[in-house]
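Have a look at the structure below, then the notes.
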Amino acid sequence: MLSSLPLLLAALGLLLLQLVSARSTGLAVRAVSSADMNTFRGAVLVKNGQPTSCEFALIDNQSAFLAANCLDFSNGQVNQNTKYEIYFDKAKGQGPGRATLYGDKIRVHPLYNPTSFANNIAVVEFNYSDQGTWINYISVNSLEWTSVVNVRRQLLSPSAQSWGSPLVQSQSASNDANCFKASALFRSNVRDMVCSVHSLSSPISSKCTVPYGALYGVSQKSMAISAIYSHTVVYNSNMCSGGSSYNYFTMLSNYTRYASSVLGRRVYEYIEKPDLYDTLWHTTSHHFQNENAMNSAGTSQFGGDLYAGQRSLFPPPPPPPKPEPQPQPQPQPQPQPQPQPQPQPQPQPQPQPQPQPQPQPQPQPQPNPEPQPEPQPEPEPEPQPEPQPQQPSNPAPKPSPSAGNKPKPTNNPGNGGGSIGTGVSITNPDNGGDEF
Numbered sequence: 016m017l018s019s020l021p022l023l024l025a026a027l028g029l030l031l032l033q034l035v036s037a038r039s040t041g042l043a044v045r046a047v048s049s050a051d052m053n054t055f056r057g058a059v060l061v062k063n064g065q066p067t068s069c070e071f072a073l074i075d076n077q078s079a080f081l082a083a084n085c086l087d088f089s090n091g092q093v094n095q096n097t098k099y100e101i102y103f104d105k106a107k108g109q110g111p112g113r114a115t116l117y118g119d120k121i122r123v124h125p126l127y128n129p130t131s132f133a134n135n136i137a138v139v140e141f142n143y144s145d146q147g148t149w150i151n152y153i154s155v156n157s158l159e160w161t162s163v164v165n166v167r168r169q170l171l172s173p174s175a176q177s178w179g180s181p182l183v184q185s186q187s188a189s190n191d192a193n194c195f196k197a198s199a200l201f202r203s204n205v206r207d208m209v210c211s212v213h214s215l216s217s218p219i220s221s222k223c224t225v226p227y228g229a230l231y232g233v234s235q236k237s238m239a240i241s242a243i244y245s246h247t248v249v250y251n252s253n254m255c256s257g258g259s260s261y262n263y264f265t266m267l268s269n270y271t272r273y274a275s276s277v278l279g280r281r282v283y284e285y286i287e288k289p290d291l292y293d294t295l296w297h298t299t300s301h302h303f304q305n306e307n308a309m310n311s312a313g314t315s316q317f318g319g320d321l322y323a324g325q326r327s328l329f330p331p332p333p334p335p336p337k338p339e340p341q342p343q344p345q346p347q348p349q350p351q352p353q354p355q356p357q358p359q360p361q362p363q364p365q366p367q368p369q370p371q372p373q374p375q376p377q378p379q380p381q382p383n384p385e386p387q388p389e390p391q392p393e394p395e396p397e398p399q400p401e402p403q404p405q406q407p408s409n410p411a412p413k414p415s416p417s418a419g420n421k422p423k424p425t426n427n428p429g430n431g432g433g434s435i436g437t438g439v440s441i442t443n444p445d446n447g448g449d450e451f
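The numbering used here numbers the first residue of the sequence shown as 16 and each following residue consecutively.
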């Protein structure tokens, strides 16, 4: 009898699934866009400066739900050496922001099972009041949902706090039948989880996929966040192998009472039909059934920060090596130049005014003089013989009448008083051969 109990529970789960699916029959899937999601604030977990695939379900500006397998553990306790931060996107006219999560303000559910991911929930507190106080509603009644919206928020750069538009995908409120075959935990806890077959291409590698980060329950009048991603069962070794994968989300309705007891204040819930409120499973110690059941053969199960696992499979290429610095030649000391005596400036001669050239008078043509006849010496009168005086014996010579003043030959006293004869011709080389 006891051995057949798991089969009985599985049959009851399938019956409940059919009932849930039946109430959704004939209801149209409400289309939700990225613009619609801008009216709801969302947040992403950043660990040691790296964005993760983990998203928060915000309770208010000081607390939120987070999947426990997104945290790092050491000896069963949250690792205090990891730096956790929450990054808020912009919505409702408010800009982005961030806050630090401290280890003593992270409370993991006491029944969390890190192997099967049962009760995969933690409540975190932080101090974020930069943009005032606000609250967020949690949708708690899946029987009111007409459809479900898958949402993935895109933190592009933590340092710049830049965000892309939210990615959305609507689906029916009923679960795919293959979700029950893949996960034994889901078969036993159909009211505690939601299954989705939708995935996205991973920003880490185009060979991998990632699930959406959170689900919103859409009812007739409004919608609100209802579940956060827990884990994936894939018919292969990992989500980068191309096998069929099924993503499971933890319903938050079973943990609002637990969160309220931890925080010491109210957690706001959204429900359209208050008369159904008492039908919800509200306890502070809710736990999963058959949490150690085995999944189908040939499947693998993993969860938490999928980006970290994919980075290990596809590490980014190393940055190009930096060029080795080339040794720079040491400058040789240059001899210091000795100061050279500066030459004293010499006084520059003042430029003298140059005389302006005076016009030279043109020579006047001179009339050619008529040739004058050479003066001819007058013929010297022939000496007349004078009577020989008796006294004295040596008379004084007479001067020559010529202009040359040349002496006339005299009687040589040594020749006995003889006389020079007349008619002697003497040529003068200076006067052109004139005769005397």
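Ideal placement from N, C-alpha and C gives every residue a C-beta, glycine not left out.
Per DSSP, what kind of secondary structure is Glu306 in: helix, strand or coil? Position 291 of the sequence shown, counting from 1, holds the residue named residue 306. In the structure shown, Glu306 adopts coil according to DSSP, grouped into three states.
Is the beta carbon of Phe317 less than 8 angstroms from the beta carbon of His246? Taking the sequence shown and counting its residues from 1, the one referred to as residue 317 is at position 302. Taking the sequence shown and counting its residues from 1, the one referred to as residue 246 is at position 231. With respect to the 8 angstroms criterion, Phe317 and His246 are classified as neighbours on the basis of their beta carbons.
Can you check which of these residues, Gln184, Gly118 and Ala137, is closest to Tyr127 by C-alpha distance? In the sequence shown, residue 127 corresponds to position 112, counting from 1. Selected option, being the one with the closest Cα: Ala137.
So is Arg56 buried or exposed if we call it buried at 16+ other beta carbons inside 10 Å? As a working note, residue 56 is residue 41 in the sequence shown. Buried, by the Cβ-count rule.
Thr247, DSSP secondary structure in three states: Indexing the sequence shown from 1 puts residue 247 at position 232. In the displayed model, Thr247 falls within a strand according to three-state DSSP.
Proximal residues to Gln325 (C-beta, below 7 angstroms), its chain only, five neighbours per side dropped: Along the sequence shown, read from residue 1 onward, the residue named residue 325 stands at position 310. The answer, listed in chain order, is Ser217, Ile219, Ser220, Cys223 and Cys255.
Beta-carbon gap between Ala242 and Thr271 smaller than 8 angstroms: Within the sequence shown, numbered from 1, the residue matching residue 242 stands at position 227. Within the sequence shown, numbered from 1, the residue matching residue 271 stands at position 256. In this structure, Thr271 does not lie closer than 8 angstroms to Ala242 by Cβ.
Would you be able to state if there are at least three C-beta pairs under 8 angstroms between the region 195-210 and the region 87-95? No, they do not touch.
Measuring only the C-alpha atoms, how far is Glu100 from Ser68? Along the sequence shown, read from residue 1 onward, the residue named residue 100 stands at position 85. Along the sequence shown, read from residue 1 onward, the residue named residue 68 stands at position 53. About 13 angstroms.
State yes or no: is the C-beta of Gln235 within less than 8 angstroms of the C-beta of Tyr143? Position 220 of the sequence shown holds residue 235. Position 128 of the sequence shown holds residue 143. No. Outside cutoff.
State the Cα-Cα distance for the pair Pro331 and Val282, rounded to the nearest angstrom. Here residue 331 is taken as the residue at index 316 of the sequence shown, counted from 1. Here residue 282 is taken as the residue at index 267 of the sequence shown, counted from 1. Taking C-alpha positions only, Pro331 is separated from Val282 by approximately 41 angstroms.
For a test of the three-state rule: what should DSSP assign to Cys85, helix, strand or coil? Taking the sequence shown and counting its residues from 1, the one referred to as residue 85 is at position 70. It is helical.
Tell me which same chain residues have a C-beta within less than 6 angstroms of the C-beta of Gln304, skipping the five on either side of it? Position 289 of the sequence shown, counted from the first residue, corresponds to residue 304. Excluding residues within five positions, the ones whose Cβ falls inside 6 angstroms are Ser203 and Asn204.
With a 10 Å radius around its C-beta and 16 neighbouring C-beta atoms as the bar for buried, classify Tyr117 as buried or exposed. Here residue 117 refers to the residue found at position 102 of the sequence shown. Exposed, because fewer than 16 other Cβ atoms sit within 10 Å of the Cβ of Tyr117.
Ser327 versus Pro226 - alpha carbon distance: Taking the sequence shown and counting its residues from 1, the one referred to as residue 327 is at position 312. Taking the sequence shown and counting its residues from 1, the one referred to as residue 226 is at position 211. As the crow flies, the alpha-carbon of Ser327 is around 18 angstroms from that of Pro226.
Ser154 and Gly232 closer than 8 angstroms at C-beta: Translated into positions along the sequence shown, residue 154 becomes position 139. Translated into positions along the sequence shown, residue 232 becomes position 217. Against a cut-off of 8 angstroms, the Cβ pair of Gly232 and Ser154 comes out as a contact.
Cutoff 6 angstroms; reference Ser259; Cβ partners in own chain excluding five residues on either side: Position 244 of the sequence shown holds residue 259. These residues qualify, in order along the chain: Tyr250.
Could you name the residues of the same chain whose beta carbon sits closer than 6 angstroms to that of His124, not counting the 5 residues immediately before and after it, in chain order? Taking the first residue of the sequence shown as position 1, residue 124 is located at position 109. Closer than 6 angstroms at the Cβ level, and outside the excluded window around His124, lie Asn134 and Ile136.
Limits of the alpha helix (DSSP H) - the one that Gly324 falls within: Looking up residue 324 in the sequence shown gives position 309. Leu321 to Leu328 is the span of the alpha helix (DSSP H), which, as asked, contains Gly324.
Using only alpha-carbon positions, find the residue among Leu170, Glu159 and Asp75 that is nearest to Pro289. Position 274 of the sequence shown, counting from 1, holds the residue named residue 289. Minimum Cα-Cα distance from Pro289 among the listed residues Leu170, Glu159 and Asp75 corresponds to Glu159.
Simplified DSSP state of Val123, which is helix, strand or coil: Walking along the sequence shown from the start, residue 123 turns up at place 108. In the structure shown, the three-state DSSP call for Val123 is strand.
Please report the residue range of the alpha helix (DSSP H) in which Asn193 lies. Stepping through the sequence shown from its first residue, residue 193 is reached at position 178. Counted as a single uninterrupted DSSP element, the alpha helix (DSSP H) harbouring Asn193 occupies residues Ala192 to Ala197.
Nearest to Val59 by CA position, among Arg167, Ser237 and Ala188, is which residue? Residue numbering aside, residue 59 sits at position 44 when the sequence shown is read from its first letter. Out of Arg167, Ser237 and Ala188, Arg167 has the C-alpha closest to the C-alpha of Val59.
What residue ranges within the region 221-296 form continuous alpha helix (DSSP H) runs of no fewer than 4 residues, ordered along the chain? Runs of the alpha helix (DSSP H) inside the region 221-296: 271-278.
Sort out for me which residues DSSP pairs Trp178 with in a bridge. Residue mapping note: residue 178 aligns to position 163 of the sequence shown, counting from 1. In the DSSP output, where bridge partners are listed per residue, Trp178 has Leu170.
What first and last residue would you give for the alpha helix (DSSP H) that runs through Ala312? As a first step, residue 312 is located in the sequence shown; it is residue number 297 there, counting from the start. Counted as a single uninterrupted DSSP element, the stretch harbouring Ala312 is not any alpha helix (DSSP H), since DSSP gives it neither H nor E.
What residue range is occupied by the uninterrupted beta strand (DSSP E) comprising Ser216? For the purposes of this step, residue 216 is identified with residue 201 of the sequence shown, where counting begins at 1. Ser216 -> beta strand (DSSP E) spans Ser214 to Ser216.
Taking 8 angstroms as the limit between beta carbons, can you name the residues of its chain near Ser49, skipping five residues before and five after? To locate residue 49, count along the sequence shown from 1; it is residue 34. Excluding sequence neighbours, Ser49 sits near Ser180, Pro181, Leu182 and Val183.
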